[in-house]
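A.B. asks: Below are the structure tokens for one structure; questions will follow.
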Amino acid sequence: MQAAHVDAIPFEALDPLMGRPVHVDLPSVQQKLVLSRRGGYCFEQNVLFQAALEAVGFEVTGLTGRVRWRSAPDDPLGPRQHMMLLVEVDGRPHLVDVGFGICMMDAPISLEIGLEQQTAMGTFRIGTWNGLTTISAKQPAGWRMMYAFDLVPQIHADYVLGSWYTSTSPNVPATHTLTMERVSRGVRHKLVNRRSIVEARDGELIEERVIESAAELGRVIDEIFRVTPPVPVEDIWARTKA
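Following this note's numbering from start to finish, the sequence shown increments by one per residue and tops out at 470.
Structure (structure tokens):
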């Protein structure tokens with residue numbers, strides 16, 4: 229289910245980038261991600277995936293995390309701005325996350341500390357840091373922490389607040405950086421502003437190129453990420469930089 233989800237529904241944060249509101253109630257998320265040829269960011273993606281998992285009988289608990297992907301080890305903790313899920317699989321707790329939009333996870337990860345766990349597209353490891361649980365991804369330069377979290381269950385109101393901050397704060401990349409990702413057929417497609425990136429597992433670079441025009445950006449969004457933008461692509465182009 230998780231691999232199918234990250235193939236079918238890409239990560240994208242076009243609404244925050246363009247100053248549009250983001251709604252994280254399930255009907256709004258279903259309308260956008262399922263019926264409107266759109267993707268979404270962590271709150272939207274994991275609200276939808278939680279509903280799908282519960283519909284087929286999984287026990288799911290919503291969690292939040294503090295993103296560390298771009299942080300130095302001694303940087304202070306940021307706010308709870310990332311949503312993920314705790315799911316019982318074969319009687320054991322697993323971290324499930326279909327919305328970390330720079331290193332999307334294509335399979336559940338057991339909460340076993342220190343174990344290197346391979347999926348089709350990456351190698352992940354659960355650890356501890358400053359009294360919190362962490363998840364890190366193996367990258368060409370070494371291990372990179374994705375986020376830190378605890379196991380305190382969250383309610384929907386927590387996600388409404390977290391999504392509002394993530395979609396409006398100038399300190400969050402979603403409001404000023406075009407970011408899209410799709411994991412499909414053994415490769416990871418990324419779009420970061422005007423850079424189109426293709427990676428193999430563990431972040432091994434296959435191709436990187438600069439997009440030269442708004443028309444080309446529109447083709448990439450349509451053909452690779454299979455997204456219909458909510459605004460003219462020329463407006464998105466104007467918000468990006470090389």
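We put the CB at the ideal spot given by N, CA and C, even for glycine.
Who are the near neighbours of C270 in its chain, counting only those whose CB is closer than 6 angstroms to its CB and skipping five residues on each side?
C.D. replies: So the list reads H310, M311 and G327, once near-sequence residues are dropped.
A.B. asks: Starting from A376, trace the beta strand (DSSP E) in both directions and tell me its first and last residue.
C.D. replies: G370 to F377
A.B. asks: Any idea if Y393 is buried or exposed, counting beta-carbon neighbours within 10 angstroms, 16 or more meaning buried?
C.D. replies: Looking at its Cβ environment, which holds fewer than 16 other Cβ atoms inside 10 Å, Y393 is exposed.
A.B. asks: Could you tell me if E272 is buried or exposed, where buried requires 16 or more neighbouring beta carbons within 10 angstroms of its beta carbon?
C.D. replies: buried
A.B. asks: Which two residues bound the contiguous beta strand (DSSP E) that contains W357?
C.D. replies: T351 to W357
A.B. asks: Count Cβ pairs between the region 396 to 408 and the region 233 to 247 that sit closer than 8 angstroms; are there 3 or more?
C.D. replies: Touching, yes, given that three or more Cβ pairs across the two stretches are closer than 8 angstroms.
A.B. asks: For a test of the three-state rule: what should DSSP assign to H322, helix, strand or coil?
C.D. replies: strand
A.B. asks: State the DSSP-derived secondary structure class of E432, mapped to helix, strand or coil.
C.D. replies: coil
A.B. asks: State the Cα-Cα distance for the pair E282 and T362, rounded to the nearest angstrom.
C.D. replies: 25 angstroms
A.B. asks: Considering only residues of the region 390 to 446, which uninterrupted beta strand (DSSP E) runs meet the minimum length of 3 residues and lie entirely inside it, listed in chain order?
C.D. replies: 407 to 412, 415 to 420, 423 to 427 and 433 to 438
A.B. asks: Helix, strand or coil for R294, going by three-state DSSP, please let me know.
C.D. replies: strand
A.B. asks: Which same chain residues, not among the five before or five after R437, have their C-beta less than 6 angstroms away from its C-beta?
C.D. replies: S424
A.B. asks: On the three-pair Cβ rule with 8 angstroms, is the region 261 to 268 touching the region 444 to 461?
C.D. replies: yes
A.B. asks: Measure the alpha-carbon distance for P301 versus V295 and round it to whole angstroms.
C.D. replies: 12 angstroms
A.B. asks: Please list, in chain order, all residues of the same chain as S299 whose beta carbon is under 8 angstroms from its beta carbon, the five residues on each side excluded.
C.D. replies: G306 and M373
A.B. asks: Kindly examine the ligand SAH and report whether one of its heavy atoms sits closer than 8 angstroms to the Cβ of Q382.
C.D. replies: Ligands in the displayed structure: none, and consequently the ligand SAH is not present.
A.B. asks: Taking E444 as the reference, which of Q382, V461, D430 and F352 has the closest Cα?
C.D. replies: V461
A.B. asks: Pop quiz: A348 and A231 are said to be a contact at Cβ under 8 angstroms. What is the actual Cβ separation, rounded to whole angstroms?
C.D. replies: 7 angstroms
A.B. asks: Are the CB atoms of V275 and V315 within a distance shorter than 9 angstroms?
C.D. replies: no
A.B. asks: Tell me the residue span of the alpha helix (DSSP H) that contains S256.
C.D. replies: L254 to V257
A.B. asks: For N399 and S391, what's the separation of their Cα atoms in angstroms?
C.D. replies: Rounded to whole angstroms, the gap between the alpha carbons of N399 and S391 is 13 angstroms.
A.B. asks: Helix, strand or coil: which one does DSSP assign to Q278?
C.D. replies: If DSSP states are grouped into helix, strand and coil, Q278 belongs with the helices.
A.B. asks: Taking the beta carbon of R416 as the centre, do at least 16 other beta carbons fall within 10 Å, making it buried, or is it exposed?
C.D. replies: buried
A.B. asks: Here's a check: name, in chain order, each residue in its chain whose Cβ is nearer than 6 angstroms to the Cβ of A442, leaving out the five neighbours to either side.
C.D. replies: So the qualifying residues of the chain are V461, E462 and W465.
A.B. asks: Please go through the same chain and pick out, in chain order, the residues whose beta-carbon is closer than 6 angstroms to the beta-carbon of W371, but skip the five residues on each side of it.
C.D. replies: S364
A.B. asks: Measure the alpha-carbon distance for L419 versus D303 and round it to whole angstroms.
C.D. replies: 26 angstroms
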